[in-house]
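Visitor: First the structure, which I've put down as structure tokens, then a few questions once you've had a look.
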Amino acid sequence: MHRTALLTVSDTSPSDDPEDRTVQAIREVLERGPFVEVDYARVPSEQARVRAQLRLWSDAGRTDLVLTSGGIGLAPRDRAPEATRDVIDREVPGLAERMRAEGARVDPVAALTRGVAGVRRDTLIVNLPARPSEAADALAAVLPVLPRALQVLRDARTVADDEGTSDREGAGDRTSVAGSPPPPGDDTSGGPA
Amino acid sequence: MHRTALLTVSDTSPSDDPEDRTVQAIREVLERGPFVEVDYARVPSEQARVRAQLRLWSDAGRTDLVLTSGGIGLAPRDRAPEATRDVIDREVPGLAERMRAEGARVDPVAALTRGVAGVRRDTLIVNLPARPSEAADALAAVLPVLPRALQVLRDARTVADDEGTSDREGAGDRTSVAGSPPPPGDDTSGGPA
Amino acid sequence: MHRTALLTVSDTSPSDDPEDRTVQAIREVLERGPFVEVDYARVPSEQARVRAQLRLWSDAGRTDLVLTSGGIGLAPRDRAPEATRDVIDREVPGLAERMRAEGARVDPVAALTRGVAGVRRDTLIVNLPARPSEAADALAAVLPVLPRALQVLRDARTVADDEGTSDREGAGDRTSVAGSPPPPGDDTSGGPA
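These protein sequence lines map, in sequence, to chains S, Y and R. Counting with the working numbering, you get residues 1 to 193 for the letters of the first sequence. Counting with the working numbering, you get residues 1001 to 1193 for the letters of the second sequence. Counting with the working numbering, you get residues 2001 to 2193 for the letters of the third sequence.
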């Protein structure tokens, strides 16, 4: 099972919020695959707040997949894609392309979503839209390939552990390993891919 | 009606120029939607010249949509995408993806266009190809979603005005407001999205 | 005929290596078009090594097209896209989009490939996947438009020669021309497009 965290990016009050329906819609799609929800958070639509939460989950090493919803439109406060690009080591553009292309079959406005997908350390991060049906459709468009992506990241982690470049599995969170070296081959760590 | 400016990017002399036919082709497509042409300019295919014109229109606050044509191929002087990326606050990749995917149904060479779409302040900028039929097809591929995009930008502008972060509507052009703060949430203004 | 160089990016030993079958698969597709293989190399999957080989071929001016295979997945060592982006003057995103979209018709995992295509000087560089069938399918998806792309680059080179900004055709390799100016219009040479 792939450990999945959900992040709602929204300026709306949690009470009486359609975002809650979005999270429910995302959960229903996730049930179709080998995913288990391990965490949920909600942050206002501020680039620094989104970035901080993505770093927290990715660096703790207990989350394989982070799905964000909201903050990927054209309004000035929609900065989830920028926050994601700030933290990923390498972008996976095909996931966003596929979500938009498949989404546009239902409604052409999917072309206006600016979602990004990418990897930070061992964690895959995928931006989904804010509306329930759009988020569900976008996730469903990439769901069949997510297990394969997460398996590649898991295999890479095992190799790193075997080579002694990470003590995360043995000693706990990466956040407790100050100065932990980046994974092998990641010679431009931290920059957007 | 959305205020639209057209920019021809070309090194060819204006006389006896197929670009003129491109502008005519773009105008014919625009007539299908709620767009009114408010300005037209022609610049040589130089990155700095394209960039300057895009800034001028976006920062004056009287243009909702800028459509450029030309300068998006593979030749060394084709730098309209780079000029656009230099000035936008956030990219809208789905528009370019859709123009290329739809264009490739007619002619696969659409895969070679390098057009970019993005937002600077309240203005949406979209790069179109140089040839009349290709420019018309590319614009037609995104025309149905442009009013929605422009409405989002208009709504954001109204919010900014209500919050007093912009006096543009009351006092005139943004170009006259030195040191005007960026829109809220735009905490990396100026950088390519 | 377009002078084509093939680059295998792999950490596997050359003996008993499926990459060899990938190169064979690429060659079979190339035979369908006006391409002649002029060079082949194999480098380990290290960003600096890939970058160095791409620079060598592009700057020597005897290669019109470079096709890399491998190193475009999600594993930490898969850095061929980053290496390519490091060296290109301008990206041609439509080629990668088309390879992924066409590939996904056969197998949705094509959405996980992170290949990049772009131009350095007069040379077009295209990243292909590691597996034989995926590499062949990706190349076949863009093969019809490659001659057009290479013709545009050839025409630009001829113009540059006529204008005296390059003495490559007359005096030999670009590598021997220290301080050779960039092509006209390329006012941000070296940066990723």
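Ideal Cβ positions, reconstructed from N, Cα and C, are used throughout, including at glycine.
Please check the pair R/V2023 and R/V2050, which I expect to be a contact at CB under 8 Å, by giving their CB distance rounded to whole angstroms.
Guide: Contact flag wrong, Cβ pair sits at about 16 Å.
Visitor: Enumerate, from N- to C-terminal direction, the unbroken alpha helix (DSSP H) stretches of 4 or more residues contained entirely within the segment 1092-1166 of chain Y.
Guide: Those alpha helix (DSSP H) runs which fall completely within the segment 1092-1166 of chain Y and span 4+ residues are 1093-1106, 1132-1142 and 1146-1162.
Visitor: I believe S/E37 touches S/T4 by the beta-carbon criterion, under 8 Å. Please report the beta-carbon distance rounded to the nearest angstrom.
Guide: About 5 Å separates the two Cβ atoms, so the contact holds.
Visitor: I want to see whether chain S comes within less than 8 Å of Y/P1038, judged by CB atoms only; does it?
Guide: Pro is not the amino acid found at residue 1038 of chain Y; the sequence shown has Val there. False, the Cβ-Cβ gap to chain S never drops below 8 Å.
Visitor: Tell me, please, whether the segment 1079-1094 of chain Y touches the segment 34-48 of chain S by the rule of three or more beta-carbon pairs shorter than 8 Å.
Guide: Touching, no.
Visitor: Name the chain R residues that come within less than 7 Å of S/V195, Cβ to Cβ?
Guide: Only positions 1 to 193 of chain S appear in the structure, and residue 195 of chain S is not among them; the question remains open.
Visitor: Give the interface partners of R/V2145 over in chain Y, defined as CB-CB distance under 8 Å, in chain order.
Guide: Chain Y residues near R/V2145: P1108, V1109, A1111 and L1112.
Visitor: Measuring CB to CB, does Y/T1073 end up less than 8 Å from Y/T1113?
Guide: Going by the sequence as given, residue 1073 of chain Y is Gly instead of Thr. In contact: Y/G1073 and Y/T1113 (Cβ atoms closer than 8 Å).
Visitor: Round the Cβ separation of R/R2148 and Y/V1109 to the nearest angstrom and send it over; I've been treating them as touching at under 8 Å.
Guide: Indeed, because the Cβ distance is near 5 Å, the residues count as touching under 8 Å.
Visitor: What separation, rounded to the nearest whole angstrom, lies between the Cα atoms of Y/R1079 and S/A136?
Guide: Each residue's Cα considered, the two are about 38 Å apart.
Visitor: Who are the near neighbours of S/V119 in its chain, counting only those whose CB is closer than 7 Å to its CB and skipping five residues on each side?
Guide: The residues are I88, D89, R90, V92 and L153.
Visitor: Since S/E82 is in the beta strand (DSSP E), which residue starts that stretch and which ends it?
Guide: No beta strand (DSSP E) contains S/E82, which is instead part of the alpha helix (DSSP H) from A80 to V87.
Visitor: Going by Cα to Cα distance, which pick from S/P81, S/L146, S/P76 and S/V126 is closest to Y/V1159?
Guide: Among S/P81, S/L146, S/P76 and S/V126, the Cα nearest to that of Y/V1159 belongs to S/P76.
Visitor: For the alpha helix (DSSP H) holding Y/L1054, just list the boundary residues, first then last.
Guide: Taken as a continuous stretch (DSSP letters only), the alpha helix (DSSP H) holding Y/L1054 covers Q1047 to A1060.
Visitor: May I ask you to list the residues that DSSP assigns as paired with Y/L1195?
Guide: The structure shown has nothing for residue 1195 of chain Y, since chain Y only spans 1001 to 1193.
Visitor: Give a yes or no on whether 8 Å exceeds the smallest Cβ distance from Y/V1142 to chain S.
Guide: Y/V1142 counts as touching chain S.
Visitor: Is the distance from the Cβ of Y/E1097 to the Cβ of S/R85 below 8 Å?
Guide: No, they are not a contact pair.
Visitor: Under 7 Å between beta-carbons, which chain R residues line up against S/A41? List them in chain order, please.
Guide: Ordered by position in chain R, no residue passes the 7 Å Cβ test against S/A41, which lies about 24 Å from the chain.
Visitor: On the criterion of 16 or more Cβ atoms from any shown chain inside 10 Å, does R/Q2053 qualify as buried, or is it exposed?
Guide: Counting Cβ neighbours within 10 Å, R/Q2053 comes out buried, since at least 16 surround it.
Visitor: Can you tell me whether Y/R1032 is buried or exposed? The criterion is at least 16 other CB atoms within 10 Å of its CB, across all chains shown.
Guide: Looking at its Cβ environment, which holds fewer than 16 other Cβ atoms inside 10 Å, Y/R1032 is exposed.
Visitor: Round the Cβ separation of S/L67 and S/L128 to the nearest angstrom and send it over; I've been treating them as touching at under 8 Å.
Guide: S/L67 to S/L128, Cβ: 6 Å. Contact.
Visitor: Nearest CA to the CA of R/A2138: which residue from R/L2124, R/A2156 and R/D2107?
Guide: Out of R/L2124, R/A2156 and R/D2107, R/D2107 has the C-alpha closest to the C-alpha of R/A2138.
Visitor: Give the single residue among S/P44, S/A111, S/P34 and S/E82 whose Cα lies nearest to the Cα of S/E134.
Guide: If we check each option's Cα against that of S/E134, S/A111 comes out closest.
Visitor: Would you mind working out which of S/V29, S/W57 and S/L30 sits nearest S/A41, comparing C-alpha positions?
Guide: Checking every option, the nearest Cα to that of S/A41 belongs to S/W57.
Visitor: Run through chain Y and tell me which residues come within less than 7 Å of S/R100, C-beta to C-beta.
Guide: G1094 and E1097, listed in chain order.
Visitor: Which chain Y residues sit within Cβ distance under 7 Å of R/L2153?
Guide: By Cβ distance, chain Y contributes L1074.
Visitor: Classify R/P2034: buried if its beta carbon has 16 or more other beta carbons within 10 angstroms, exposed otherwise.
Guide: Result: exposed.
Visitor: Using the beta-carbon count (16 or more within 10 Å), is Y/E1028 buried or exposed?
Guide: When all chains shown are included, Y/E1028 counts as exposed.
Visitor: Do we get a CB-CB distance below 8 Å when we pair R/R2055 with the residues of chain Y?
Guide: By this cut-off, R/R2055 is not an interface position.
Visitor: Among Y/D1064, Y/A1025, Y/L1007 and Y/V1116, which residue has its Cα nearest to the Cα of Y/P1044?
Guide: Considering only alpha carbons, the answer is Y/L1007.
Visitor: Does the beta carbon of R/A2149 sit closer than 8 Å to a beta carbon anywhere in chain Y?
Guide: So, interface residue.
Visitor: From the beta carbon of Y/A1104, is the nearest beta carbon of chain R less than 8 Å away?
Guide: Chain R, which has a Cβ nearer than 8 Å to the Cβ of Y/A1104, makes this yes.
Visitor: Note down, in chain order, each residue of its chain lying with its Cβ closer than 8 Å to the Cβ of R/R2082, except the 5 sequence neighbours on either side.
Guide: Going by the sequence as given, residue 2082 of chain R is Glu instead of Arg. Within the same chain, R/E2082 has close Cβ partners Q2047.
Visitor: Go ahead and pull the three-state DSSP assignment for R/T2022.
Guide: If DSSP states are grouped into helix, strand and coil, R/T2022 belongs with the helices.
Visitor: Applying the criterion that 16 or more other CB atoms from any shown protein chain within 10 Å of the CB defines a buried residue, is Y/D1064 buried or exposed?
Guide: Y/D1064 should be labelled buried.
Visitor: Please confirm whether R/E2134 has its beta-carbon closer than 8 Å to some beta-carbon of chain S.
Guide: R/E2134 does not count as touching chain S.
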